[in-house]
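A.B. asks: Here it is, the structure, as structure tokens.
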């Protein structure tokens, strides 16, 4: 009986500790390396998005010491659309808001090094689309796709650490010229991030 009581107390203590600090936040710099896959006229013109580095903020909630959910956020980012066959001339620009929700598994057997993997879904909202003079192109207003992730936190103290993270995010859109469909643009970036971790 005493062993059972001790076991229950240990389990309750573990749950209490786990529930004390379920939240983690990160601030990161993220480089978006667009895939720029193309079809039809879009391919013939080599329509592409210009790579860029953006600020990113994410919130992570731990259900237990291993399983967590991460919401990745940023403000709407300007993306330049260019034509490679026209000297990479700018055709248009659009703002993209790409929040991503991931379910993660964190490995806990490596001391201060906390590697993890994740998978989830991305929703990208395109807005403020502007063409250059003489250009009449447009794209879909949104994209929904899958996302995959691998990364690690290295904890310098109980609360503070540094983070390295790589994601593949599936983002595709249809491209139109004067209202007519002329092909697809597969943006699907590899997002490489480095930043600071804070564990509450």
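Numbering (mature numbering (1 follows the signal peptide of the UniProt record, and there is no 0)), first residue to last: -18 to -1, 1 to 182. Every residue gets a Cβ at the ideal spot worked out from N, C-alpha and C, and that includes glycine.
Hey, how far is the Cα of residue 170 from the Cα of residue 143?
C.D. replies: Using only the alpha carbons, I get a separation of about 29 Å.
A.B. asks: Decide if the segment 40 to 60 is in contact with the segment 75 to 92; the criterion is three or more beta carbon pairs, one per stretch, under 8 Å apart.
C.D. replies: Flag = yes, the segment 40 to 60 and the segment 75 to 92 touch.
A.B. asks: CA-CA distance, residue 66 and residue 172?
C.D. replies: Their backbone Cα atoms lie some 20 Å apart in a straight line.
A.B. asks: Under DSSP, the beta strand (DSSP E) around residue 68 begins and ends at which residues?
C.D. replies: Taken as a continuous stretch (DSSP letters only), residue 68 belongs to no beta strand (DSSP E), as it is neither H nor E.
A.B. asks: How do the segment 92 to 101 and the segment 69 to 77 stand: do at least 3 beta-carbon pairs fall below 8 Å, yes or no?
C.D. replies: No, the segment 92 to 101 is not in contact with the segment 69 to 77.
A.B. asks: In the DSSP output, what is residue 21 paired with across the bridge?
C.D. replies: Residue 21 pairs with nothing; no bridge assigned.
A.B. asks: Provide the residue span of the beta strand (DSSP E) that contains residue 156, from first to last.
C.D. replies: Its beta strand (DSSP E) spans residues 154 to 159.
A.B. asks: How should residue 35 be labelled, buried or exposed, when 16 other C-beta atoms within 10 angstroms of its C-beta is the threshold for buried?
C.D. replies: Under this definition residue 35 is an exposed residue.
A.B. asks: Just tell me which of 134, 122 and 127 has its CA closest to the CA of residue 93.
C.D. replies: Closest option to residue 93, Cα to Cα, is 134.
A.B. asks: Does the segment 143 to 153 touch the segment 115 to 128, meaning 3 or more C-beta pairs lie closer than 8 Å?
C.D. replies: They touch, by the three-pair rule.
A.B. asks: Would DSSP call residue 75 helix, strand or coil?
C.D. replies: Residue state, collapsed to three classes: strand.
A.B. asks: Determine the DSSP secondary structure at residue 38, reduced to helix, strand or coil.
C.D. replies: Reduced to three states, the DSSP call for residue 38 is strand.
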